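Colleague:
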Amino acid sequence: MAEPQFRFRDDEPVGDPAVTVDSFGEQSNAAAVRIEPGDDARDLLPHLDRIRLVEVNFPVFGDGRGYSAARLLREAGYAGELRAVGDVLVDQIAFMRRCGFDAFAPDVPLNPADAEAAFARFDHVYQPTTDGRAPIWALRHG
Amino acid sequence: MYKYDTYDQAMVDARVEEFRDQVKRRLEGHITEDQFKPLRLMNGLYLQLHAYMLRVAVPYGTLSSAQMRMLGYIADKYDRGYGHFTTRQNIQYNWIKLEDAPDILADLASVEMHAIQTSGNCIRNTTSDQYAGAAADEVIDPRPYAELIRQWSTFHPEFSFLPRKFKMAVIASDTDRAAMRLHDIGIQLVKNDAGEVGAAFYVGGGMGRTPMVAPCINPFVPIDQMITYSEACLRVYNRYGRRDNKYKARIKILVHELGKDEYTRQVEAEFAHLLTQGIEPPLAELHRIQAQFADPAFEAGASDDLDRSDPDFALWVDTNCVVHKQPGYIAVTISLKPVGGIPGDASADQIRLMADLARDHSFDELRVTHAQNIVLPHVKKADLYGLWQQLDAAGLGTANLDRIGDIIACPGLDYCSLANARSIPVAQKISERLSDRSEAIGELKLKISGCINACGHHHAGHIGILGVDRKGVENYQLLLGGCEGADTSLGQITGPGFDEDGIVDAVEKATEVYLSTRQDGERFLDTYRRIGMAPFKEALYG
Amino acid sequence: MKILTGNDLKTGAVTWWDGVQWSLHVEDAVDVGDHADTILARESAARRVNAAYAVDATKEPEGVRPAHIKERIRALGPTVRMDLTLKPADPEAGTWVI
Ligand code: SF4
């Protein structure tokens, strides 16, 4: 289990090991699951009520499928922890946060000051996501 | 034209500071080139054959005179006194220093410009019809819709690491002047019987190694769902586009492998879901943007008369100017293709002159065309002769729009590190050899790429030329019969390639076949479509 | 012979390894034998060069000649703008790349 370097939640972190999407369906007591890039996040939708941690793996930073996986889960109402793990770079974490990630466990720890600056870089955003930030068009039209 | 508000301005300003910080980290050794490369690419900074190259976005090809003047200033201050206008309606500088790049972006931001997403596997700068807002045949001005897409796609959190780059184009006429169906998503704005505006979506076109013409997957998406539909198209692509092979990663391969019907089914399912998410900007936002693209204050009753007594002027008017929707006005294309020149290059002085002419004679507006020319969209006919004289004196008065000398050529091996062969010298030689026959030959679109990436759109040329590497020697393949527009077709290779002089001879022979077999009113392309490849092959290799 | 070329990190200028440092002139390039990887790793890590790589070349009477046209154009500059190359006064310089 990858320990998060950054976590934006107040609840207790889940200690259970994350299981694969394939085996998750059969293990009715599992509360943590790990999504690989090729997995279909929608396979988890029937089980959202018992999931408390989803780890989304980014084996290489350029593979952006995990961003869609995260949004799909949040759009379906998933409220548990969504943790980005793997090749997570400082210049991506703000995008990830917008897609619904609220915990980050990079393979190579990030410089905390750089990460803080990255999270705070843009005051406003053009697109609505489930992160609750009002898009610029909403601000323009009150 | 669109004016940034404080939100838009804050966005580009924050981006400049972010990049300044990234450059600093790189120069001080806190990040490696492997980590820095995707960051600089997201800001349009490439490392090319001779130096860093900066690609500046010109959203939907539209520029104000202040923006154009800034492009000239940057050419002088940070580069070597010129810039290169590209087939993506952008401008590139070839001699940029990394340490200057943040300052250049800051200068650009001061005139509401940027280099955001001009590279990388993200949604690139949206292109459009260069005559938008002036064309007599448009259903509506497409640029507000392109601006809506610009904002939606800027720093899109889900779509910044797509399988591959992603290009969109928006047009609003049946005559397609933006090669719309050769984009990842091409949108044609249309009106239905009730007079409502909608977006026809063409998805999965592209050039490169596997050229494909985009099929229409939805002929009418209501305009207040255009962004949501785009998001659905992109999400299906981001999830299922191939990532195992760079050459199969564009959306055209996904659409092709799934089949248009299955891809469309998946998009429609995703679209139905996304409609519940409230991601579409309200129509009020579209109307806010549209208000900024309102027609300029055309003079009512301006005269349509032109004094055509100067034959050079008359030829230029007939060749380079097109009908305007407003009586008394005309849209002017300034050719950046002087005979024997470098296609798309303009000196800082020329850039400034065009800026001044736009300010004085075109309601402050210019356009960059995908054929690497500049348009002054709204010129009063009464001003036209004086305007032409100034252009002509600056080497910008060549009368060759869509003629054999109006060659599209990518930078090729003179500048591009991916190239197999040089493009520019071939363009120069063809232009020198055949420009005196320009009028006899008539419309002929010739397009040259220095490698299979097809930045020079060679597949879409009536005559296309592709540079290849044959055992370390430059070699050129000839293609015939390509065409963009409503009747988009892809060029076919004639046969074995030619060396540099051989390809110039081959193009000349192809034009001779055309001239000797054409029927009344036929363009080169029409003749080719009627008689087919065989007579050309015979002349070339027989 | 094997020679090394890259770009200056700050300015982007094309450079060649001359045995001690990075030169703007291909004539200065030296044969690195089988030390290419060691030199490239050391020099890149020290940020004295960026995106450097090794290429084949030959020693000709007029100087070092990279085997591939791409590096010959790198060495000279754009053949269509001789005024911007390293040999702006030599009208024949362009023929060297072919
Ligand atoms: S087509 Fe090839 S050579 Fe030409 S600019 Fe594109 S990548 Fe470079």
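Chains as they are written, first to last, in the working numbering: chain A, 9 to 150; chain B, 4 to 545; chain C, 801 to 898. Ideal Cβ positions, reconstructed from N, Cα and C, are used throughout, including at glycine. Treat the numbers as computed from the prediction; the structure is a model and nothing was measured.
Consider the Cβ of residue 148 of chain A: report whether some Cβ of chain B lies at a distance smaller than 8 Å.
Modeller: Taking the first residue of the first sequence as 1, we reach residue 148 of chain A at position 140. Yes, residue 148 of chain A lies at the interface with chain B (some Cβ there is under 8 Å from its Cβ).
Colleague: Counting contacts by CB-CB distance shorter than 8 Å, is residue 811 of chain C in contact with chain B?
Modeller: Indexing the third sequence from 1 puts residue 811 of chain C at position 11. Judged by the 8 Å Cβ criterion, residue 811 of chain C is in contact with chain B.
Colleague: In chain B, which residues lie less than 8 Å from residue 60 of chain A when you measure between Cβ atoms?
Modeller: Against the first sequence, residue 60 of chain A aligns to sequence position 52. In chain order: nothing, as chain B lies at least about 24 Å away.
Colleague: Do you know offhand how far residue 260 of chain B's Cα is from residue 185 of chain B's?
Modeller: In the second sequence, counting from the first residue as 1, residue 260 of chain B sits at position 257. In the second sequence, counting from the first residue as 1, residue 185 of chain B sits at position 182. Computed Cα separation, rounded: 17 Å.
Colleague: Which residues, in chain order, does the segment 252 to 286 of chain B contribute to contact with chain A at a C-beta distance below 7 Å?
Modeller: So the list reads 280, 281, 282, 284, 285, given in the order they occur along the chain.
Colleague: In whole angstroms, give me the CA-to-CA distance for residue 438 of chain B and residue 36 of chain B.
Modeller: Translated into the one-based positions of the second sequence, residue 438 of chain B becomes position 435. Translated into the one-based positions of the second sequence, residue 36 of chain B becomes position 33. In a straight line, the C-alpha of residue 438 of chain B is about 46 Å away from that of residue 36 of chain B.
Colleague: Using the three-state DSSP reduction, which class does residue 87 of chain B fall into: helix, strand or coil?
Modeller: In the second sequence, residue 87 of chain B corresponds to position 84, counting from 1. Correct three-state label for residue 87 of chain B: strand.
Colleague: At which residues does the alpha helix (DSSP H) containing residue 100 of chain A begin and terminate?
Modeller: On the first sequence, residue 100 of chain A is found 92 positions in, with the first residue counted as 1. No alpha helix (DSSP H) contains residue 100 of chain A, which DSSP labels as neither H nor E.
Colleague: Any idea what DSSP makes of residue 332 of chain B, helix, strand or coil?
Modeller: Taking the second sequence and counting its residues from 1, the one referred to as residue 332 of chain B is at position 329. The answer is strand: DSSP assigns residue 332 of chain B an E or B state.
Colleague: Just to make sure I have the definition right: I need the residues of chain C whose C-beta is within less than 8 Å of the C-beta of residue 511 of chain B. Which are they?
Modeller: As a first step, residue 511 of chain B is located in the second sequence; it is residue number 508 there, counting from the start. None at all; the shortest Cβ gap to chain C is about 21 Å.
Colleague: Determine, using beta carbons only, whether residue 445 of chain B comes closer than 8 Å to chain C.
Modeller: Along the second sequence, read from residue 1 onward, the residue named residue 445 of chain B stands at position 442. Chain C contact via Cβ: absent.
Colleague: Which of the three DSSP states, helix, strand or coil, is assigned to residue 821 of chain C?
Modeller: Position 21 of the third sequence, counted from the first residue, corresponds to residue 821 of chain C. It is coil, neither helix nor strand.
Colleague: With 16 as the cutoff for other CB atoms within 10 Å, does residue 16 of chain A come out buried or exposed?
Modeller: Translated into positions along the first sequence, residue 16 of chain A becomes position 8. The residue is exposed, with fewer than 16 neighbouring Cβ atoms inside 10 Å.
Colleague: For residue 38 of chain B, return the contacting residues in chain A, with the cut-off set at a CB-CB distance below 7 Å.
Modeller: What you label residue 38 of chain B is simply residue 35 of the second sequence in a count that begins at 1. In chain order: 97.
Colleague: CB of residue 346 of chain B to nearest heavy atom of the ligand SF4: below 7 Å?
Modeller: Taking the first residue of the second sequence as 1, we reach residue 346 of chain B at position 343. Because no heavy atom of the ligand SF4 lies under 7 Å away, the Cβ of residue 346 of chain B does not count as near it: no.
Colleague: Given a cut-off of 8 Å, decide if residue 102 of chain A and residue 126 of chain A are closer than it, judged by their beta-carbon atoms.
Modeller: Within the first sequence, numbered from 1, the residue matching residue 126 of chain A stands at position 118. Within the first sequence, numbered from 1, the residue matching residue 102 of chain A stands at position 94. Contact: yes.
Colleague: So residue 93 of chain A and residue 118 of chain A are in contact, right, with Cβ under 8 Å, and what is the actual spacing, rounded?
Modeller: Translated into positions along the first sequence, residue 93 of chain A becomes position 85. Translated into positions along the first sequence, residue 118 of chain A becomes position 110. Contact flag wrong, Cβ pair sits at about 13 Å.
Colleague: Taking 8 Å as the threshold (beta carbon to beta carbon), is residue 106 of chain B in contact with chain C?
Modeller: Start at 1 with the first residue of the second sequence, and residue 106 of chain B comes out as number 103. Not an interface residue.
Colleague: Do you know how far the Cα of residue 145 of chain B is from the Cα of residue 293 of chain B?
Modeller: Along the second sequence, one-based indexing puts residue 293 of chain B at 290. Along the second sequence, one-based indexing puts residue 145 of chain B at 142. Rounded to whole angstroms, residue 293 of chain B to residue 145 of chain B spans 10 Å at the Cα level.
Colleague: So, using beta-carbon positions, are residue 528 of chain B and residue 484 of chain B closer together than 8 Å?
Modeller: To locate residue 528 of chain B, count along the second sequence from 1; it is residue 525. To locate residue 484 of chain B, count along the second sequence from 1; it is residue 481. The answer is yes: Cβ separation under 8 Å.
Colleague: Just list the beta strand (DSSP E) runs in the segment 447 to 475 of chain B, keeping only unbroken ones of 3 residues or longer that don't cross its boundaries, in chain order.
Modeller: If we require 3 residues or more, the beta strand (DSSP E) runs fully inside the segment 447 to 475 of chain B come out as 449 to 452, 466 to 473.
Colleague: Give a single yes or no on whether residue 459 of chain B has its beta carbon closer than 7 Å to a heavy atom of the ligand SF4.
Modeller: The sequence position of residue 459 of chain B within the second sequence is 456, counting from 1. Residue 459 of chain B: yes, Cβ under 7 Å from the ligand SF4.
Colleague: For the segment 835 to 861 of chain C, list every residue whose C-beta sits within 9 Å of some C-beta in chain B, in sequence order.
Modeller: Per Cβ criterion, the list reads 844, 845, 846, 847, 850, 851.
Colleague: Using a C-beta cutoff of 8 Å, does residue 879 of chain C count as contacting chain B?
Modeller: The residue labelled residue 879 of chain C in the question sits at position 79 within the third sequence. For residue 879 of chain C, the answer is yes, since a Cβ of chain B falls inside 8 Å of its Cβ.
Colleague: Would residue 124 of chain B pass as a contact of residue 168 of chain B if the rule is Cβ separation under 8 Å?
Modeller: The residue labelled residue 124 of chain B in the question sits at position 121 within the second sequence. The residue labelled residue 168 of chain B in the question sits at position 165 within the second sequence. It is a contact, given that the beta carbons lie within the stated cut-off.
Colleague: In chain order, what residues of the same chain have a beta carbon less than 8 Å from the beta carbon of residue 443 of chain B, not counting five sequence neighbours either side?
Modeller: Here the question's residue 443 of chain B lines up with position 440 in the second sequence. So the qualifying residues of the chain are 518.
Colleague: Just to confirm, does residue 494 of chain B get its C-beta within under 7 Å of one of the non-hydrogen atoms of the ligand SF4?
Modeller: Sequence index remark: in the second sequence, residue 494 of chain B carries index 491 (1-based). Outside the cutoff, so no.
Colleague: Under the assumption that residue 371 of chain B contacts residue 66 of chain B (Cβ atoms under 8 Å), give the Cβ distance between them as a whole number of angstroms.
Modeller: What you label residue 371 of chain B is simply residue 368 of the second sequence in a count that begins at 1. What you label residue 66 of chain B is simply residue 63 of the second sequence in a count that begins at 1. Indeed they touch by this definition, with Cβ atoms about 7 Å apart.
Colleague: Can you determine whether any heavy atom of the ligand SF4 sits closer than 7 Å to the C-beta of residue 426 of chain B, and answer yes or no?
Modeller: Along the second sequence, read from residue 1 onward, the residue named residue 426 of chain B stands at position 423. Within the cutoff, so yes.
Colleague: Is the segment 488 to 499 of chain B close to the segment 404 to 419 of chain B, with three or more CB pairs under 8 Å?
Modeller: No, because fewer than three Cβ pairs between the segment 488 to 499 of chain B and the segment 404 to 419 of chain B fall closer than 8 Å, the two stretches do not touch.
Colleague: Find the residues of chain B that neighbour residue 136 of chain A, judging by a C-beta separation of less than 7 Å, and give them in chain order.
Modeller: In the first sequence, residue 136 of chain A corresponds to position 128, counting from 1. Residues of chain B passing the Cβ test: 281, 282.
Colleague: Taking the straight line between their C-alpha atoms, what separation do you get for residue 28 of chain A and residue 114 of chain A?
Modeller: Within the first sequence, residue 28 of chain A is the residue found at index 20, counting from 1. Within the first sequence, residue 114 of chain A is the residue found at index 106, counting from 1. Cα-Cα distance, rounded: 19 Å.
Colleague: Kindly list, in the order they appear in chain C, the residues whose Cβ is closer than 7 Å to that of residue 427 of chain B.
Modeller: Within the second sequence, residue 427 of chain B is the residue found at index 424, counting from 1. Per Cβ cutoff of 7 Å: 880.
Colleague: Measuring from the CB of residue 421 of chain B, is there a heavy atom of the ligand SF4 at a distance below 7 Å?
Modeller: Counted from its first residue, the second sequence places residue 421 of chain B at position 418. Flag set: Cβ of residue 421 of chain B near the ligand SF4.
Colleague: Give the secondary structure of residue 419 of chain B by DSSP, where H, G and I count as helix, E and B as strand, and everything else as coil.
Modeller: Residue numbering aside, residue 419 of chain B sits at position 416 when the second sequence is read from its first letter. In this structure, residue 419 of chain B counts as coil in the three-state DSSP scheme.
Colleague: Tell me the DSSP bridge mates of residue 524 of chain B?
Modeller: Counting from 1 along the second sequence, the entry for residue 524 of chain B is found at position 521. Per DSSP, none; premise fails for residue 524 of chain B.
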